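The block underneath contains the structure these notes are about, expressed in structure tokens.
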Amino acid sequence: MSDPKIEGLQLKPGFRGMADDTGSDQTMFKGVHWGKAMMWIFLLSDTFVFSCFLISYMKGRGSTLVDWPYPSEVFALHVGGVSVPLLLIAIMTFVLITSSGTMALAVKYGYEKNRKMCGWLVLATALGGLTFVGMQAFEWSKLIEEGVRPWENPFGAAQFGSFFFMITGFHGTHVSIGVIFLFIYAYKVFAGHYENGGKRGWFTTMKGDYVEIEILGLYWHFVDLVWVFIFAFFYLW
Amino acid sequence: MSDEYDNNKTYQAQSSETMGGSAPASPDMDYVRPAEIPDQELYHGHSFITKWVFCQDAKVIGVQYFLTAVFTGVVGLILSWLMRLQLGFPGAAGFMTAEHYYQFVTMHGMIMVVYFLTALFLGGFGNYLIPLMVGARDMVFPYVNMISFWMFFIAVAVLMASFFVPGGPTGAGWTLYPPQTILPGTPGAGMGILLMLVSLSLFVIGFTMGGLNYLITILQARTRGMTLMRMPLTVWGIFTATVLAMLAFPALLVSAIMMTLDKILGTSFFMPTIIQAGEVLDYGGGSPILFQHLFWFFGHPEVYIVALPAFGIVSDLISVHSRKNIFGYRMMVWAIVGIGALSFFVWAHHMYVSGMNPWFGFFFATTTLIIAVPTAMKVYNWILTLWRGNIRLNTVMLWCLGFIVTFVNGGITGIFLGNVSVDVPLSDTYFVIAHFHMVMGIAPLMVIMGAVYHWFPLVSGKFLDEKLGKWHFWFTFLGAYSIYFPMHYLGFIGVPRRYFEMYDSPYMTSAVGMNEFISMAAFIVGAAQFILIYNIIKTLKVGKKAGHNPWKANSLEWLTSTVPPEHGNFGERLPVVHRWPYDFSVPGAKEDYITQTTPPSEVVHTEVEKT
Chain A
1 MSDPKIEGLQ LKPGFRGMAD DTGSDQTMFK GVHWGKAMMW IFLLSDTFVF SCFLISYMKG
61 RGSTLVDWPY PSEVFALHVG GVSVPLLLIA IMTFVLITSS GTMALAVKYG YEKNRKMCGW
121 LVLATALGGL TFVGMQAFEW SKLIEEGVRP WENPFGAAQF GSFFFMITGF HGTHVSIGVI
181 FLFIYAYKVF AGHYENGGKR GWFTTMKGDY VEIEILGLYW HFVDLVWVFI FAFFYLW
Chain B
1001 MSDEYDNNKT YQAQSSETMG GSAPASPDMD YVRPAEIPDQ ELYHGHSFIT KWVFCQDAKV
1061 IGVQYFLTAV FTGVVGLILS WLMRLQLGFP GAAGFMTAEH YYQFVTMHGM IMVVYFLTAL
1121 FLGGFGNYLI PLMVGARDMV FPYVNMISFW MFFIAVAVLM ASFFVPGGPT GAGWTLYPPQ
1181 TILPGTPGAG MGILLMLVSL SLFVIGFTMG GLNYLITILQ ARTRGMTLMR MPLTVWGIFT
1241 ATVLAMLAFP ALLVSAIMMT LDKILGTSFF MPTIIQAGEV LDYGGGSPIL FQHLFWFFGH
1301 PEVYIVALPA FGIVSDLISV HSRKNIFGYR MMVWAIVGIG ALSFFVWAHH MYVSGMNPWF
1361 GFFFATTTLI IAVPTAMKVY NWILTLWRGN IRLNTVMLWC LGFIVTFVNG GITGIFLGNV
1421 SVDVPLSDTY FVIAHFHMVM GIAPLMVIMG AVYHWFPLVS GKFLDEKLGK WHFWFTFLGA
1481 YSIYFPMHYL GFIGVPRRYF EMYDSPYMTS AVGMNEFISM AAFIVGAAQF ILIYNIIKTL
1541 KVGKKAGHNP WKANSLEWLT STVPPEHGNF GERLPVVHRW PYDFSVPGAK EDYITQTTPP
1601 SEVVHTEVEK T
């Protein structure tokens, strides 16, 4: 984590410290990079987006007249003649959660100014994300082959396909955007944009800093966390 | 907060205790903590394109937002003229069919609420005033801010494009309730509604970029000495409204995405089983009520997204122009925050007639009425600020007084409508139209007008013409009441809203004259708005020079290095703040105002408030 250090300022812990920071001048979150604060607030807003999606899903699933498809069967893979429920999705979830781990390590090495390790770990995260998106594409095509469409499906309520494609699609878009940025940032780390005071970004005068890796990490962890909820609501319910 | 800072406070306290005595001006008393954030480096545009088109200066972006929003507002105004023409004098506009009428109703509503008022307050005033008022050089992410405006611009372009597609814009009413919104028979159910949904999504994305900027600028980029409780109420209003927008717009985005899918992919999120002309459609199993919940979870906070900046701005205008500190500053701040928080728990009061569990209605009626408490506090505080103030009855003050009256008026009818049993008979009548036009149409508009007259000298360096301004005010004020007072009566006798033509209905016979009167008033009020445009053009040509701080205000936006402020706002050094912006008419002070940057050592002999 980036340690907030402000000259001539002792930060107090706990609620007392929070109240002091709130009542003070200049900044509310002491020593917190603007971009990091922005990402937190953006994620709060994005949480509302996904909450609206998931609440709509619950409402839609709760009020259909036709039975909801049985997820253990719909999402099962046939391996060697045996139907294994949730196999693909378990692997996908494992890959995505692992990529969160490599991301966290990348942040750590970034702050230690270990350019090589940081870069490789960001790249590993990007590849993990890419694997996830690839497997999701596979899952989508499998379901589409079986006749699941946004407007109908052979297993039960039509809303199953609607919500499934919409919500996993929206989440997949988030992951894809994350993957693109992970590749860009892996390049930036390797190219040394955060070394020696930092290189200025495109179109702006802001200088690069390893805090950007942490900001990207916040986004990535958020996407993973959202996936945990989608996983629980779609596959386990 | 450091220990030195606490010391600073005790120094201030000593200085006012020893008032009148010979208090030595200790240099310690002016101590302000050193800068926590490095000075922002700005990207200065050099060409015309980077300076005026794709500009990263929040002030230029603010003006761009303002002009674009005013353009959409003029479109909305023309649509309202056409509607009133039809209602007052059916058939007078030969081309007007029922479909046109519904399209105009829909577009007027959506334009005025989202693309005019929201963009004007947050995009326009927010961008221009936030960095200046908190003492920042610019927004924290100028590039993102620039993208935000162009997103909004594209959203407006897409919206306007829907006037020119086959079938015309959507005519589903501004609430876009499914299932009728996307079914044939509703005007614009083809391309019109799609463009509307795309435009709304773009608006939300663009606004999110801007909103993040406003929030982080206020939270993380204030100048030295500027605590949250020393910010002008304008900033508090815009801040809270932006928080609301960041949390409410997601619901709009989600409902827009889902409805788009219902439209183009044939999903049934909001669509129940429907029989159309004897034929069962492919839809089935969806919930139209779900859309209403999502829409109003956005829609009600949206009311306060418009109202809270207006509350904040009007507080500052009243304080400056009655030369008196705002009464109950902290109460005002908490009222703004409280209204913002409560606004997320009242949305279903828009849905009383959609059918709901009586306890559900009871809950939402209760929360709705609770909102009246902080709003009433604000009204009392405005009046108490005026009380015994040294009121300058200029154009700005007239607009402020007009706002208070109009807001109280609209607020009281809101208490009627917040009760389920009163709302059910009044729902979907002209009473509702009168209520929300008063409270979130005319009232915030009055604040906008006041704010334009107040800050125009800052933006352009010239005073708007007072005489024209007063004509503008009286036409608008009296005219608006001529329009909306009779509408309350129309609502009570049961005239339904959104009807294209109803002169053959029995209850309308008594209201024909009244309807004609309302329409005439609407034409005049609409035309009166062009006085302002004329005034602005005239002022830019031959207006009176304003110079530095023409209203003798305290807040930082008037203390810039140049008028109008340059890129970077404050010249070499950022200002250092020592007090709140409301030290007016302080006993013992040389002038009747003490700017925020005046150090305590200069005012030791005064009874200045400790802030």
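If you're matching them up, the sequences are chains A and B in order.
Okay, so the first sequence: first residue is 1 according to our numbering, each after it adds one.
Okay, so the second sequence: first residue is 1001 according to our numbering, each after it adds one.
Where is the CB? At the ideal position from N, CA and C, for every residue including glycine.
Note that the coordinates shown come from a computational prediction; the quantities given were computed from them, not determined experimentally.
message: Please report the straight-line C-alpha distance between A/Gly14 and B/Leu1386, rounded to a whole angstrom.
response: 42 Å
Under the three-state DSSP convention, the category B/Leu1281 falls into: coil
query: In three-state DSSP terms, what is B/Gln1276?
result: strand
query: Do B/Thr1234 and B/Gly1312 have their C-beta atoms closer together than 8 Å?
result: yes
message: For A/Ser176, would you say it is in contact with chain B, using Cβ-to-Cβ distances shorter than 8 Å as the test?
response: no
- prompt: What three-state label does DSSP hand B/Ser1322 in the structure shown?
  reply: coil
message: Rounded to the nearest angstrom, what separates A/Glu195 and A/Val122 at their Cα positions?
response: 16 Å
- prompt: At a Cβ threshold of 8 Å, is B/Ser1421 touching chain A?
  reply: no
- request: Determine the DSSP secondary structure at B/Lys1544, reduced to helix, strand or coil.
  value: strand
- request: Please name the residue in B/Trp1347, B/Gly1469, B/Phe1403, B/His1321 whose C-alpha comes closest to that of B/Ile1533.
  value: B/Gly1469
query: By how many angstroms is the C-alpha of B/Trp1236 removed from the C-alpha of B/Asp1592?
result: 25 Å
task: Could you work out which residues of chain B lie near A/Met22, taking near to mean beta carbons separated by less than 8 Å?
output: Here the sequence assigns Thr to residue 22 of chain A, which means Met is not the residue at that position. Here the neighbours are Leu1228.
message: Suppose only complete runs of 3+ residues qualify. What are the beta strand (DSSP E) ranges in the stretch 1416-1466 of chain B, listed by chain order?
response: none
Under 7 Å (Cβ pairs) to chain A, residues found in the stretch 1237-1252 of chain B: Met1246, Leu1247, Pro1250, Ala1251
query: Can you pull the DSSP bridge partners for A/Lys207?
result: A/Arg200
field: Proximity test, Cβ basis, 8 Å: B/Leu1215 and chain A
entry: yes
query: What residues from chain B crowd round A/Pro150, counting only those whose CB sits closer than 9 Å?
result: Leu1261, Leu1265, Gly1266, Thr1267
- request: Could you run through the stretch 1299-1323 of chain B and flag, in chain order, every residue whose CB is less than 8 Å away from some CB of chain A?
  value: none
message: For B/His1454, tell me which candidate among B/Gly1410, B/Pro1550, B/Met1514 has the shortest Cα-Cα distance.
response: B/Pro1550
- prompt: What residues in the stretch 57-86 of chain A bring their beta carbon closer than 7 Å to a beta carbon of chain B?
  reply: Lys59, Gly60, Ser63, Thr64, Leu65, Val66
message: Which runs of the alpha helix (DSSP H) at least 4 residues long sit entirely within the stretch 104-173 of chain A? Give them in chain order.
response: 115-145
message: Applying the 10 Å Cβ sphere with the 16-neighbour rule, what's the burial state of B/Ala1310?
response: buried
- request: Measure the C-alpha to C-alpha separation of B/Leu1042 and B/Leu1247 and round it to an integer number of angstroms.
  value: 30 Å
query: For B/Glu1279 and chain A, any beta-carbon pair shorter than 8 Å?
result: no
query: For A/Gly129 versus A/Ser99, is the C-beta spacing smaller than 8 Å?
result: yes
task: Pick out whichever of A/Thr125, A/Ile91, A/Ser63, A/Asp67 has its Cα sitting closest to the Cα of A/Ala76.
output: A/Ile91
message: I'd like to check one pair, B/Lys1059 with B/Tyr970: are the Cβ atoms closer than 8 Å?
response: With chain B running from 1001 to 1611 in the structure shown, residue 970 of chain B is simply not present.
message: Measuring alpha carbon to alpha carbon, tell me which residue in A/Ala157, A/Val49, A/Gln10, A/Tyr109 is nearest A/Ala186.
response: A/Tyr109
message: With a threshold of 7 Å on Cβ separation, who are the neighbours of B/Asp1504 within its own chain once the five nearest residues in sequence on each side are excluded?
response: none
Residue ranges of each alpha helix (DSSP H) within the stretch 1135-1209 of chain B, 4 or longer: 1142-1161
message: My output table needs one value for B/Val1563: the three-state DSSP class, helix, strand or coil.
response: coil
message: Less than 7 Å between C-beta atoms, sequence neighbours within five positions excluded: which residues of the same chain meet that for B/Phe1298?
response: Ala1248, Phe1249, Ala1251, Leu1252
Assigned secondary structure, A/His78 (DSSP; H/G/I helix, E/B strand, else coil): strand
message: Just checking: is the beta-carbon of A/Asp209 within a distance shorter than 8 Å of some beta-carbon in chain B?
response: no
- request: Would you identify the three-state DSSP class for B/Asp1583, choosing helix, strand or coil?
  value: coil
- request: Within the same chain, show all residues whose beta-carbon is closer than 6 Å to that of B/Gly1450, passing over the 5 residues directly before and after it, in chain order.
  value: Leu1317, Val1396, Trp1399, Cys1400
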